[in-house]
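**Student:**
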Amino acid sequence: MSDQVTGTVKWFNDAKGFGFISREGERDVFVHFRSIQMDGRKTLREGQQVKFTIGDGIKGPQAENVVPL
Numbered sequence: 038m039s040d041q042v043t044g045t046v047k048w049f050n051d052a053k054g055f056g057f058i059s060r061e062g063e064r065d066v067f068v069h070f071r072s073i074q075m076d077g078r079k080t081l082r083e084g085q086q087v088k089f090t091i092g093d094g095i096k097g098p099q100a101e102n103v104v105p106l
């Protein structure tokens, strides 16, 4: 398991259930709603700070274990 990092939600599409998280000086990371760790509706909002780990997705780095801060 990789170390936890923090980032900012660049955008998240509620209807499609995915978006991207930006990290300063790094490539944006894909995030899927299934990776969001929260009760109720799993969604993120633009500009929200999150903590997560980075895993290998089908098309590149993917956020896992995403926790809104």
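Residues in the sequence shown are numbered consecutively from 38, following my numbering. For every residue, glycine included, the Cβ atom is placed at its ideal position computed from N, Cα and C. Note that the structure is predicted; figures quoted are calculated from it, not measured.
(1) Could you check which residue in V42, V103, Q99 and H69 has the C-alpha nearest to that of D51?
(2) Ends of the beta strand (DSSP E) at S72?
(3) For L106, count the other beta carbons within 10 Å of its own beta carbon; 16 or more makes it buried, fewer makes it exposed. Which is it?
(4) Roughly how many angstroms separate the alpha carbons of R71 and V103, rounded to a whole number?
(5) Let me check understanding here. Comparing Cα to Cα, which of E63, G97 and E101 lies closest to V87?
**Tutor:** Taking the structure as given:
(1) As a working note, residue 51 is residue 14 in the sequence shown. Comparing alpha carbon positions, the residue from V42, V103, Q99 and H69 closest to D51 is H69.
(2) For the purposes of this step, residue 72 is taken as the residue at position 35 of the sequence shown. Where S72 is concerned, there is no enclosing beta strand (DSSP E), given that its DSSP letter is neither H nor E.
(3) Translated into the one-based positions of the sequence shown, residue 106 becomes position 69. Exposed is the call here.
(4) Residue 71 sits at position 34 when you count from the first residue of the sequence shown. Residue 103 sits at position 66 when you count from the first residue of the sequence shown. In this structure, the alpha-carbon of R71 lies about 9 Å from that of V103.
(5) The count along the sequence shown starts at 1 and reaches residue 87 at position 50. Cα-wise, what sits closest to V87 is E101.
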